[in-house]
Each structure stands twice: as structure tokens, then as C-alpha cells.
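Read top to bottom, the protein sequences are chains F and G. Each step along the first sequence adds one to the number in our numbering, with nothing skipped, and position 57 is 45. Each step along the second sequence adds one to the number in our numbering, with nothing skipped, and position 175 is 163. Shown next, in C-alpha cells, is the structure this report addresses.
2 protein chains.
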Amino acid sequence: MTLIQEKVQQAITILQEQKIDLWLTFVRETSAGGDPVLPLIYGHDLTWQSALIITRTGERIAIVGRFEAEAAQRVGAYDVIGYDEAVSKPLLDILRRFDPKVIAINYSMNDVLADGLTLGMYQLLNKYLTGTPYAERLTSAENIINALRTRKTSAEIERIRTAIHTTEKLYFETFEFLEPGMTEKRVGAYLHRRVEELNLTTAWEKESCPAVNAGPDSPVGHAGPTEIVIQPGQLLHFDFGVQQDEYCSDIQRMAYVLAPGETTPPEPVQRGFDTVVRAIQAAVRAMKPGVLGVEIDAIARKVITDAGYPEYKYATGHHLGRLCHDGGGILGPRWERYGDTPNRPLEAGHVYTVEPGLMVPGYGYVGLEEDVLVTEDGTIFLSTPQTDLILL
Amino acid sequence: MTLIQEKVQQAITILQEQKIDLWLTFVRETSAGGDPVLPLIYGHDLTWQSALIITRTGERIAIVGRFEAEAAQRVGAYDVIGYDEAVSKPLLDILRRFDPKVIAINYSMNDVLADGLTLGMYQLLNKYLTGTPYAERLTSAENIINALRTRKTSAEIERIRTAIHTTEKLYFETFEFLEPGMTEKRVGAYLHRRVEELNLTTAWEKESCPAVNAGPDSPVGHAGPTEIVIQPGQLLHFDFGVQQDEYCSDIQRMAYVLAPGETTPPEPVQRGFDTVVRAIQAAVRAMKPGVLGVEIDAIARKVITDAGYPEYKYATGHHLGRLCHDGGGILGPRWERYGDTPNRPLEAGHVYTVEPGLMVPGYGYVGLEEDVLVTEDGTIFLSTPQTDLILL
Chain F
-11 MTLIQEKVQQ AITILQEQKI DLWLTFVRET SAGGDPVLPL IYGHDLTWQS ALIITRTGER
49 IAIVGRFEAE AAQRVGAYDV IGYDEAVSKP LLDILRRFDP KVIAINYSMN DVLADGLTLG
109 MYQLLNKYLT GTPYAERLTS AENIINALRT RKTSAEIERI RTAIHTTEKL YFETFEFLEP
169 GMTEKRVGAY LHRRVEELNL TTAWEKESCP AVNAGPDSPV GHAGPTEIVI QPGQLLHFDF
229 GVQQDEYCSD IQRMAYVLAP GETTPPEPVQ RGFDTVVRAI QAAVRAMKPG VLGVEIDAIA
289 RKVITDAGYP EYKYATGHHL GRLCHDGGGI LGPRWERYGD TPNRPLEAGH VYTVEPGLMV
349 PGYGYVGLEE DVLVTEDGTI FLSTPQTDLI LL
Chain G
-11 MTLIQEKVQQ AITILQEQKI DLWLTFVRET SAGGDPVLPL IYGHDLTWQS ALIITRTGER
49 IAIVGRFEAE AAQRVGAYDV IGYDEAVSKP LLDILRRFDP KVIAINYSMN DVLADGLTLG
109 MYQLLNKYLT GTPYAERLTS AENIINALRT RKTSAEIERI RTAIHTTEKL YFETFEFLEP
169 GMTEKRVGAY LHRRVEELNL TTAWEKESCP AVNAGPDSPV GHAGPTEIVI QPGQLLHFDF
229 GVQQDEYCSD IQRMAYVLAP GETTPPEPVQ RGFDTVVRAI QAAVRAMKPG VLGVEIDAIA
289 RKVITDAGYP EYKYATGHHL GRLCHDGGGI LGPRWERYGD TPNRPLEAGH VYTVEPGLMV
349 PGYGYVGLEE DVLVTEDGTI FLSTPQTDLI LL
């Protein structure tokens, strides 16, 4: 099964769970914009007004312009209706055939990834539905799209694994390449060159991917590498990921540059590092279907604060997928800015980052980030977790 | 002035012409989708709910999340209001300050490029405007956006010129490279490699850019190159363009492969080529502000049919810009499928392709395509028009 076939199949299950009779994705000329759900359930652009219909009873129908019918057929996930003049007739025929009581369409005030229907297309749809009972049966597909994006199928997990594998390889090369005396920028440029040579893109805006933080004075967050020089006796922190075959990785790694005479890191550095490792391990051990994101966040956060460090000012983790921050629930605290997102339960198939952090005064920032997969039997690491400080 | 500054300035003129008091572009998390007008009037992504406001009186205000305020400032086209909690308050403040009678927002049933407002964002906007008079004053920005896209500023024309120059250089290299006996695919692959080496992309889907048509049996249209071999005594047709610095070129070129013993092309080939050249020259001579697209189409079409060839089954030209088919009016006949688009007047600053064609039985397709700029004083070629058949 292709990724698209898997996702369309999964959508049917989700419709059954959510008791939605029919899900309608209504688009046109998607090369000029397009609905963010399209890459998941279709995988190509559509030119004329097109309707992708999935029903609770397992029907999958694509109504597309005649000249795109063959391409739609090749997707292998839909029965295809090619039209010549107007989408409205076959669309209404299909609606009458299924007579759905609830029709979900792609709009959402909360979630941009579920808000792919433009106002003009909604007006067109309403025009076509005028005089039918269906105009009154429309509801938001927000929950469908959210479930579909966050529950990764095996093809999706495979792609994320590949992106992670590439990232780990590039980290290995970077630690071979770098030397004290180089600037953060120089190391960042090395990673950019490697990403380009592999014909990949970075998992988020190139300017801050990788983040490179050398020592205690480097600004941590979504700032780019600076002219700060990597120096002995300091921590070196990376945050980096790639997008490969449309899916992302997101991994943080730590090194320590030994000072003259040192053979092991100083005690505060080692203790900071070990604390972050323990926080990750504790969180991942607790992750399983049904647990809320906020509960996992609290576990990781408590390891950090119990060890006497101030709590980090961000969430412990986020969904990872087609986007690095892939929407949906977070592993985070109930802070106002996170809205409802920490209160959602983990599900099998969810892929999250786990990324606590802390500052070791005088040495620099310690942050590790692992990518993990929730399964029915608990949670497994997709990245190979870093448990020892890399010594340079 | 940057391109963005030019376009925002131009928008003010358009608002005055169209008697629209205020134009509101309302977006969020545009990296996940985004309004197609954003690259023209802002040039970056926006994360939190953001409002770009341009008024008839010349005010330009960007209301953006606090952390993006500095980036918005650097655009150099807006007074920036950075907010911490909610966009609604500063948005309502601004509306009350200007008290616009007509507010244009980005929706359109006809034009995907003017339909960037999603239904969820429209619902949010309505929520914010509840209890104010402004909810009742909304109208479509379709005509604003159409004028803004089609009237190219000097910075846009410069970019199109650069893409054209690159395309002409790549054509030159290709005619040096190619030899009879090669397949269409091999020549297509050569151009793909060169585009990649220059870090550019093709102006439309790579599969059919370039189109390469060797001899009379090659399928003309938006099909890709085939295994058909380039042979002596046949015509060779190309349709190709690049996207460079966000703007496109779109040029067709013709060669003839001399048969053994030939020193000039056969009479039917030369006559077909000359006819297409004459059609282009006649059309371009007639192009000036105020003339309708349909009138220009008729002139080019008549040269072809007067010479005894069947009329071509497509429009004579289209707008060229950020997209190869850049929306708006066409130089085309009043056929149903073109809707109202042939009836729009040419304006100074419009950039069009001009691309008549005909079939020379037994030899192949003749199509030339030039890129031209309408000015107040008439129309000038941006491409260097091909007036002699390239002989191989």
C-alpha cells in the first residue's frame, strides 16, 4: 500500500469513530495554494474544481477534471469521475446517492492545517448546494484531519525513520568536522552544505536550523548560529533536523569541549547532562495511549526541577511529521498560550519529540531532543538516544 | 525601492482607482499554506494571526505577533504594530481610526489567486467584527489583487528579464549540445540538468518543461519529451522557461534539421515559420493600453488562417509573472472555456506571452513564443524574437 492509500484507508476508520458520514475536500488550482490536507490524501495538484469524497461506509470517490482523471486513477485510492464542464452535477449525484446526514468540510478557526477551504470555494460549494438539504449538514473536519495527521501509518513512520537516520549521520559527520576555534556560523554552514549536497531541506527555516550554541553566552531559542567561537571548557548544543521525502526529523545533541588538562567534563556539566537524560527516560517510560500530554510534560519537568534547576519555559514535546511542529496536541503544561493542546490523549501511531533542557551556569545550555513513537505496548525511540556527552 | 515596497505603493494607487477605502489581508501560520498575495505585499511568512492593512489614503499598517515585529519592520513597507495576546484589539483600533466604508478582503469564486482567505479565518474575522459596523462593509479584493498581480513594477520586470535572459542562454547551449539521433528525452534531460546546476526551477511542472517536439509524430501540448528521435528533414520545437528569483520566463523556439543535400529548409517549412513570425509581429504591433485581449488574439489568429492554416486551438497569449500562467486576462478568443478573460483591456505594465502556432504536415509543429511588455507608448519585446529558423 502506498502512503496515500494507507491514509485514505485510515480516514475511513476515523470517520467511523467520529460518526461523520462523509468527508468532502473541495479544491481547485492547488499549485497556487492548496489545502494542507491534500498531500496526505491525494499527493498531487488538482487544477479544475475537484472533490475528494470519503465516506463512513468506505467509499472513496475523486471528482476531477477529465484531463486529470488518469492521474487520479493512478493514485490508486479513489474511484474516479472525470468531468468536462461542471463539478456540481457529479458532486450532487454523489451526495444524493449517499444522502449523508453529516458532511465534514475543511475549515477550522483553531487549526490552520484543517482550514484549507477558502471562502471563495465555500461560497461556490454553497451555490452548488442551494436547494438541497446538504447545505445545512456541513460541519468542520478539524477532528478528522487532526486524527489523520497525528496517527502515523507504517509508510509515514518509515519516512520519519529515514529522516532521523540521515540526521544522525550528519551529526556524526559534524562532530568529526568541527574543532574548537570555529565559529557557530562555520559549523552551521557545514551542515547547510551537507543538506544541500544530499538534495534535502532543513526541517524548519534554514536560518535557525541548525541552532548551534557554543558556551554560556550564545542565545538559545530559534536564533541562528552567531560569530561566537567554540572554546575549550564549554558546552556545545545543536538543534537540527531534515525534511526528507516530505517527512521531518528534529533532534538535539550535546558535546563538551574539554579544557586543557581535563579528561572528563566538570561535575556541573555532567550532572546537567545526566539530569536531562533522566528527564527524557522518565517521560518516555510513561508515554502510552490514553495518557494526556500534560501528564508527560509534568514528569519530565519534575525531574529537572527536583534536581534543583529552574523549569524550562517551553513544552516538553510536539508532534513530528510532515512538518517539524506537526500540529495537534503537545506534551506541554497548561499555560494559556498552549490553549487546549496539552489536554489531548496520546494515541498509538503518534510521533513526538521529547526535549527538556536546562542551563549550566558558566558552561552553557544542555538540551537533548529524541524522537519517539507511541505504540499500543508503550513508546519506542526512533532516534538513538544520546546518553553520553560527546567529548571534543 | 524593493519589490515589496513598489507593490505596496502600487496597491494604494489601485485602491484609489477602485474606490476601496481599506484592503485587509488576514492570515496566520502561512508556512502551512498561506495567501497567494502575501509574496507580493509582504514577502515573508507570518505566524500568529496577522493583518496587513493598506488604505486609500496611503496608510500601510502591519499588525503581527510581537516576536515577528522586527522582521515586519525590516520589510520597510508598513508601520508595524506588534501584539502580545490578541490581534483583535489593534485591528479594531485601526478600523475605528479609519472608519472605512468599504473593506476589501481576499476571497473570490473566480480567481484562486485572489482567494487566500480561508473559511476559518473569515469566521474569526467575523467574530472580531461582531457588534461593529465593519462586518457589513466587507467586499471582495479580487479586482485589487488582479490589478496588483498583472501590473508589473520595474523590479518585477527586471526579474522577468533575468529569467528570460537565462532561458535564452540555455536555449543557445541546447542548440550547441543537440545532434540528430538524440531522443527528445535526452535533450529534455540536458535542460533539466542545466536548470539544476544553476539552482533554478522550471517555469511549470518539470515533466513537460521543456516540451520537445521532434518531427510530425511528436504529441504537442503539455506532454513531456518522448523516445522519438531527432531526425534530418524535420522540424524541432521547444517550449521552455525557468523560474528565477520568483519570476518566470516562457519561450518557444524552432529549429530545422537539414536533410542530406539541403542547405535551406524546404519551402513549406520556411513558409510556416515565416507565417508564425508575422503573426507575432502583427499582434505585438497592435498591443497597447486599452485594447482588449480578444482583439489581439484575432489579429494573430487571422495571419495564420489567412495564410491557409487551420486556426490554433488555444489562446494567443497569457500573463507572465510569478507564475508562468499568471492569472488575469488573456490574449484569447471568446470561447466559453475562457469565460470573461479575453474581454479585459491591456494596461501598461502587463507582461504577456505571444505564442501562435501551426502544423506543417510531414515536417512537424511550428510554434514560437515571445515575452512582451505593454508600455504607454506601445509594446516591447522582452525576449529577443526569433526571426530565423535555427538550422541544424
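Here a beta-carbon is modelled for each residue, glycine too, at the ideal position from N, C-alpha and C.
Check, Outcome
"Could you tell me which residues DSSP pairs with F/W11 in its beta bridges?", "F/I42, F/A92"
"Could you please give me the residues that DSSP links to F/Q(-7) through a beta bridge?", "None; F/Q(-7) has no bridge partner."
"Where does G/K140 land, buried or exposed, given buried means 16+ other C-beta within 10 angstroms?", "buried"
"What are the complete beta strand (DSSP E) segments, minimum 3 residues, inside the stretch 299 to 352 of chain F?", "339 to 342, 345 to 348"
"Say whether chain F places a C-beta atom closer than 8 Å to the C-beta of G/T106.", "yes"
"Taking Cβ to Cβ, would you say F/D285 is nearer than 8 Å to F/A303?", "yes"
"Just curious, the beta strand (DSSP E) that F/Y116 is in, first and last residue?", "Run containing F/Y116: none in the beta strand (DSSP E); it sits in the alpha helix (DSSP H), 107 to 117."
"Ordered along the chain, which non-local residues of its own chain (more than five positions away) have a Cβ less than 7 Å from that of G/K173?", "P213, T214, E215"
"Along the chain, where does the alpha helix (DSSP H) containing F/F160 start, and where does it finish?", "142 to 165"
"Would you mind sorting G/E343 into buried or exposed? The rule is 16 or more other CB atoms within 10 Å of its CB.", "buried"
"So which residues of chain F does G/L112 contact, with C-beta pairs closer than 8 Å?", "M97"
"Assuming the contact rule is C-beta atoms closer than 8 Å, F/L370 and F/V360 should be a hit. Round their C-beta distance to whole Å, please.", "6 Å"
"Please report the Cβ distance between G/Y351 and G/V257, rounded to the nearest whole angstrom; I am assuming they are in contact, meaning their Cβ atoms lie under 8 Å.", "5 Å"
"Between which two residues does the alpha helix (DSSP H) harbouring G/N98 extend?", "From DSSP, G/N98 is part of no alpha helix (DSSP H); its letter is neither H nor E."
"Please classify F/W323 as buried or exposed, where buried requires at least 16 other C-beta atoms within 10 Å of its C-beta.", "exposed"
"If the cut is a Cβ gap below 9 Å, which residues of chain G does F/G53 touch?", "Here the premise fails: no neighbours, minimum Cβ distance about 11 Å."
"Excluding five sequence neighbours on each side, which residues of the same chain lie with their C-beta closer than 7 Å to the C-beta of G/A(-8)?", "The displayed chain sequence assigns Ile, not Ala, to residue -8 of chain G. Hits under 7 Å: I29, Y30, G31, V63, A65."
"Using DSSP bridges, identify the partner residues of F/N201.", "F/H225"
"What's the call for F/F226, buried or exposed, on a 16-neighbour Cβ count within 10 Å?", "buried"
"Taking only the alpha-carbon atoms, compute the straight-line gap between F/P204 and F/F261 and give it to the nearest angstrom.", "15 Å"
"Taking 8 Å as the threshold (beta carbon to beta carbon), is F/M109 in contact with chain G?", "yes"
"Leaving out the 5 sequence neighbours to the left and right, which residues in its chain are closer than 8 Å to G/Y297 when beta-carbon positions are compared?", "G260, T263, L346, M347"
"Going by other Cβ atoms of all chains shown within 10 Å of its Cβ, with 16 needed for buried, is G/K(-5) buried or exposed?", "buried"
"Closer than 8 Å is the cut-off here; do at least three beta carbon pairs connect the stretch 221 to 240 of chain G with the stretch 156 to 167 of chain G?", "yes"
"Please confirm if F/E17 has its CB atom under 8 Å from at least one CB of chain G.", "yes"
"Using beta carbons (cut-off 8 Å, strictly below), is F/A39 in contact with chain G?", "no"
"With H, G and I counted as helix, E and B as strand and the rest as coil, what does DSSP make of F/R16?", "coil"
"Which residues of chain G have a Cβ atom closer than 7 Å to the Cβ of F/V100, listed in chain order?", "R16, E17, A20, G21"
"Quick one: give me the first and last residue of the beta strand (DSSP E) that F/S128 is part of.", "126 to 128"
"DSSP three-state call for G/I49: helix, strand or coil?", "strand"
"Buried or exposed: which applies to G/E364, given that a residue is buried once 16 or more other Cβ atoms fall within 10 Å of its Cβ?", "exposed"
"Please compile the residues from chain G whose C-beta is within a distance smaller than 7 Å of the C-beta of F/D376.", "Ordered by position in chain G, no residue passes the 7 Å Cβ test against F/D376, which lies about 35 Å from the chain."
"Closer than 9 Å by beta-carbon distance: list the chain F residues that pair up with G/P24, in chain order.", "A20, G21"
"If you draw a straight line from the alpha carbon of G/Y353 to that of G/M242, how long is it in whole angstroms?", "9 Å"
"Along the beta strand (DSSP E) that carries F/V360, what are the first and last residues, could you check?", "358 to 363"
"Ends of the alpha helix (DSSP H) at G/D262?", "255 to 274"
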